[in-house]
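Engineer: In this text, residue positions in the sequence shown follow this note's numbering: the first is 236, and each later residue adds one.
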Amino acid sequence: MASRTQSAEATLRQSYYELKKAEKSGDYERALKLCDRILKLKDGTDDVAFRVLWKKRTDLLFFCFYILIEKMFQFRSLIFEESYCLYRLNMLEEAASMLNSSSQMNIVSKELLAQILYRLEKPEESYKLYKEVLRNSSDGYDDERMANINAVISELQYQNPSKPLELEVNPDSYEHVYNESCRLIALNEYEKAKEQLIVAENLCRNSLTEQDYTEDEIDEEISIIRVQLAYCHQMLGEMTKAGNVLNEIIKKKNVSMVVQAVASNNLVCLKKDMNVFELRKRMKFCTTSQLDRQLNNRQKLGICLNGTLVSLQTNQFDAVTKSIEMLNKTYGREDLAIFCEMALMSAKGNAGQAEKKLEEIFASKSAGECSLALRLAQAQIFINQEKYEKAFDLLTSLAENTLRPAILSVLLPLCHMVNNKRTVKFLESTAKQLSDMKCDKKTLVGFLQECASFYTKNNDVKTALIYLKWLHDVQPDDLNALVNLINAYMLIDERKAEELSRTLPDFDEFVRDLNVNALENTNWLALGSKYAVKRATRTETPKPGTASNALIIGGKTRKRRRKVKLPKHFDPNVPPDPERWLPKYERSGYRKKKDKRAKDRDIGRGTQGMIGDDVYDNNFLFVLLRLIYYTWHRKGFGIFFKFF
């Protein structure tokens with residue numbers, strides 16, 4: 236009995252040794268057999284747990300090898316190892332719940348949980364855990380942890396772009412620089428982000444080349460950076476550059492599916508002239524089930540919306556209906572779902588029903604429940620229906636959104652249409668708010684100009700003067716503002732207008748640097764070079780006996796009148812043809828030429844001498860007579876009888 240136990244332990248020891256060798260050599264098939272042998276030789280609850288783990292996750296077998304080699308005969312809990320396997324399999328909810336169920340979590344477990352929470356789009360919880368791990372760790376991996384923290388901060392910046400956050404960036408690490416560019420993209424600072432991405436790409440290539448990475452591995456890592464670079468090009472209006480980068484990424488075979496899906500989606504948005512087959516192909520690739528766990532909700536929402544628009548463009552109305560349900564239920568974007576539903580109604584020819592539906596939705600909800608996009612859409616419907624007062628009331632009830640330049644540009648023309656006490660109150664309060672909040676100077680100047688124009692058109696010159704003075708104070712060097720102020724004072728106070736006119740610059744200052752000849756030439760260039768008048772000076776040869784330095788006066792040029800050329804056989808007594816200026820094919824007497832190119836097209840067609848049964852039955856007599864005539868006149872009488 237003792238000898239059998241000793242032999243079993245020796246076999247087990249030898250199996251562990253061979254398993255370790257198989258793991259190092261990468262011979263996983265042999266390792267699989269050795270695992271079976273070990274589990275048969277050694278019983279225990281931990282071994283059973285490992286067996287379940289190994290059975291379910293064969294694609295992560297190397298983690299199981301690590302467990303067996305490290306544990307040998309001393310078994311412990313496998314919570315961290317299985318959680319890591321679940322994380323690598325994108326089973327994030329299960330991995331997080333398993334780690335949370337552990338009574339004692341070390342730094343490694345907390346770091347894994349922080350990464351899982353980041354993937355679950357819970358950046359605030361992830362940030363707290365990472366800070367705790369960074370504070371208590373001392374293993375030399377702080378640079379990698381800082382890169383992960385920067386990624387979490389970038390995600391927080393996406394969720395709240397109005398509150399800028401700062402990163403601790405290591406300029407020598409491409410991960411740090413890349414995360415900084417993502418933060419800048421969240422703040423819509425695309426030019427700065429583009430510069431950072433170019434730096435990150437160069438750092439990445441140099442760093443991976445020094446570590447002896449293959450060219451395919453380097454391309455796979457750089458493709459992530461280049462997709463973001465293409466997005467920056469696209470947002471900056473550099474469509475050609477963006478399209479070239481995206482096409483280059485899609486053509487590469489060693490790029491991950493996630494990167495290719497994002498590139499395909501962005502390419503669909505970029506190329507509006509893409510054919511239907513290509514559109515469907517790109518969007519079908521973006522919606523594969525393998526990508527569902529690898530994309531975040533923001534990316535999946537964008538792909539779902541683009542898929543809806545593509546289906547709408549290709550008249551796949553059933554697919555549009557399914558996508559609308561996903562937008563509403565899965566992603567909680569009721570406003571986008573409503574817009575897509577209205578677009579679907581319009582595509583089916585029910586534009587009136589779409590407007591009615593939006594009005595019903597708007598009436599059934601309070602102002603706080605409706606999103607900004609829905610309220611702007613309702614305002615557009617009011618303007619289309621010429622209900623300007625309702626549109627004005629709706630746009631002025633948008634709180635801080637009313638002060639946005641785009642909404643103000645709609646409200647100012649509406650002030651002219653409504654023209655009542657509410658508009659005056661709105662203009663006064665808005666001008667005060669814009670000056671108090673120290674908004675963009677361009678926005679304030681444009682608003683003051685519109686206010687002055689509004690009161691001037693309504694013959695309220697005194698109020699217009701208030702805004703014109705304000706405008707002159709904001710832009711003291713603007714000559715147009717000063718001129719408008721003088722014109723306004725001319726209507727009510729000529730003395731003040733005269734005082735201000737003295738501050739105008741002298742006229743000589745304007746014409747001092749002007750080249751009159753260049754201006755004249757420019758005018759002729761507008762008409763084209765062939766219309767330019769060529770003024771060549773005409774000189775006369777001096778007559779004999781005159782001084783050589785005498786003044787030569789150019790003589791007057793005579794215009795030669797051309798002789799009128801009349802057509803042949805012209806008769807002045809006969810009135811001209813009223814259709815003489817029309818093209819020939821438009822005249823009443825025009826007869827189109829017969830096209831003789833296809834006159835012989837029927838030769839060689841048909842039955843080629845063979846007669847069908849129906850033709851023979853119906854036209855037998857006619858065919859027989861033709862045959863008699865043919866043989867009598869062409870072949871002779873004798874041949875006729877031989878034929879029969």
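Where is the CB? At the ideal position from N, CA and C, for every residue including glycine.
DSSP on Phe520, reduced to helix/strand/coil?
Structural biologist: Reduced to three states, the DSSP call for Phe520 is helix.
Engineer: Go through the stretch 558–609 residue by residue and report every complete run of the alpha helix (DSSP H) that reaches 4 residues or more, in order.
Structural biologist: If we require 4 residues or more, the alpha helix (DSSP H) runs fully inside the stretch 558–609 come out as 569–582, 586–599.
Engineer: Shorter than 8 Å, the distance from the beta carbon of Tyr702 to the closest heavy atom of the ligand NAD, or not?
Structural biologist: Ligands are entirely absent from the displayed structure, and the ligand NAD is therefore not among its contents.
Engineer: Going by beta-carbon coordinates alone, are Leu402 and Arg418 separated by less than 9 Å?
Structural biologist: Yes. Within cutoff.
Engineer: Is it the case that the Cβ atoms of Lys429 and Leu481 are separated by a distance below 9 Å?
Structural biologist: No, the Cβ-Cβ distance between Lys429 and Leu481 is not below 9 Å.
Engineer: Taking the C-alpha atoms as reference points, what is the distance between Phe520 and Val545?
Structural biologist: Rounded to whole angstroms, Phe520 to Val545 spans 13 Å at the Cα level.
Engineer: Thinking Leu321 and Met333 are a contact (beta carbons under 8 Å), I'd like their distance in whole angstroms, please.
Structural biologist: Yes, they are in contact, since the Cβ atoms of Leu321 and Met333 sit about 7 Å apart, within 8 Å.
Engineer: How would you label Asp712, buried or exposed, when you count the other beta carbons within 10 angstroms and need 16 or more for buried?
Structural biologist: Asp712 should be labelled exposed.
Engineer: Would Lys345 pass as a contact of Leu364 if the rule is Cβ separation under 9 Å?
Structural biologist: For Lys345 and Leu364, yes; Cβs fall inside 9 Å.
Engineer: Have a look at Leu609 and Met672 and give me their C-alpha separation to the nearest angstrom.
Structural biologist: Cα-Cα distance, rounded: 27 Å.
Engineer: Reducing DSSP to helix, strand and coil, say where Ala243 ends up.
Structural biologist: Residue state, collapsed to three classes: helix.
Engineer: Starting from the C-beta of Ile459, find all residues in its chain whose C-beta is less than 7 Å away, skip the five residues before and the five after it, and write them out in chain order.
Structural biologist: Taken in chain order, the residues that qualify are Val494.
Engineer: Run through DSSP, which three-state label would Asn371 get?
Structural biologist: In the structure shown, Asn371 sits in a helix (DSSP, three-state: H, G or I).
Engineer: Measuring alpha carbon to alpha carbon, tell me which residue in Tyr425, Asn383, Val434 is nearest Asp407.
Structural biologist: With distances taken between Cα atoms, Asp407 lies closest to Val434.
Engineer: Apply the 10 Å Cβ neighbour rule to Arg461 and answer buried if 16 or more other Cβ atoms are within range, or exposed otherwise.
Structural biologist: Per the 10 Å Cβ criterion, buried.
Engineer: Note down, in chain order, each residue of its chain lying with its Cβ closer than 6 Å to the Cβ of Ile273, except the 5 sequence neighbours on either side.
Structural biologist: Hits under 6 Å: Ser250.
Engineer: Can you tell which of Ile484, Ser664, Asn722 has the C-alpha that lies nearest to the C-alpha of Ala498?
Structural biologist: For the residues Ile484, Ser664, Asn722, the minimum Cα distance to Ala498 belongs to Ile484.
Engineer: Please look up how many angstroms separate the CB atoms of Asn585 and Ala572, rounded, as I've assumed it's under 8 Å.
Structural biologist: In fact, because the Cβ distance is near 17 Å, the residues do not count as touching under 8 Å.
Engineer: So, is Thr523 buried or exposed, given that buried needs 16 or more other C-beta atoms within 10 angstroms?
Structural biologist: Thr523 comes out exposed.
Engineer: If you run the structure through DSSP and keep just helix, strand and coil, what is Cys674?
Structural biologist: DSSP places Cys674 in coil when its eight states are reduced to three.
Engineer: Less than 9 Å between the beta carbons of Cys575 and Leu547, yes or no?
Structural biologist: Yes, Cβ-Cβ distance for Cys575 and Leu547 is below 9 Å.
Engineer: Helix, strand or coil: how does DSSP classify Pro813 here?
Structural biologist: Residue state, collapsed to three classes: coil.
Engineer: So for Ser491, helix, strand or coil by DSSP?
Structural biologist: DSSP places Ser491 in coil when its eight states are reduced to three.
Engineer: Work out the CA separation of Arg747 and Ala753 for me, nearest whole Å.
Structural biologist: About 14 Å.
Engineer: Do you know offhand how far Gly472's Cα is from Tyr425's?
Structural biologist: About 11 Å.
Engineer: Note down, in chain order, each residue of its chain lying with its Cβ closer than 7 Å to the Cβ of Leu706, except the 5 sequence neighbours on either side.
Structural biologist: Hits under 7 Å: Val680, Leu683, Gln684, Ala687, Ala716.
Engineer: If you drop the 5 nearest sequence neighbours on each side, which residues of the same chain put their C-beta closer than 7 Å to that of Thr658?
Structural biologist: Excluding residues within five positions, the ones whose Cβ falls inside 7 Å are Cys650.
Engineer: Do you know whose CA, among Asn808, Ser823, Glu410, Lys488, lies nearest Glu814's CA?
Structural biologist: Comparing Cα positions, the closest option is Ser823.
Engineer: Which residue from Leu530, Gln392, Ser558 puts its Cα closest to that of Gly542?
Structural biologist: The residue with the shortest Cα to Cα distance from Gly542 is Ser558.
Engineer: Go through the stretch 614–664 residue by residue and report every complete run of the alpha helix (DSSP H) that reaches 4 residues or more, in order.
Structural biologist: 623–631, 640–653, all fully within the stretch 614–664.
Engineer: Taking just the CA atoms, how far does Gly375 sit from Phe512?
Structural biologist: When rounded, the distance between both Cα atoms is 52 Å.
Engineer: List the endpoints of the continuous alpha helix (DSSP H) containing Gly537.
Structural biologist: First-last of the alpha helix (DSSP H) with Gly537: 532–548.
Engineer: Using 10 angstroms around the beta-carbon of Glu621, count the other beta-carbons present and answer buried if the total reaches 16, otherwise exposed.
Structural biologist: By the neighbour-count rule (16 or more Cβ atoms within 10 Å), Glu621 is not buried but exposed.
Engineer: Around the Cβ of Tyr702, are there at least 16 other Cβ atoms within 10 angstroms (buried) or fewer (exposed)?
Structural biologist: Its Cβ being crowded by 16 or more others within 10 Å, Tyr702 is buried.
Engineer: If we ignore side chains and look at the alpha-carbon of each, how far apart do Asp378 and Lys255 end up?
Structural biologist: Going by the C-alpha atoms only, they are around 31 Å apart.
Engineer: Cα separation between Asn655 and Glu734?
Structural biologist: Those two C-alpha atoms are separated by around 35 Å.
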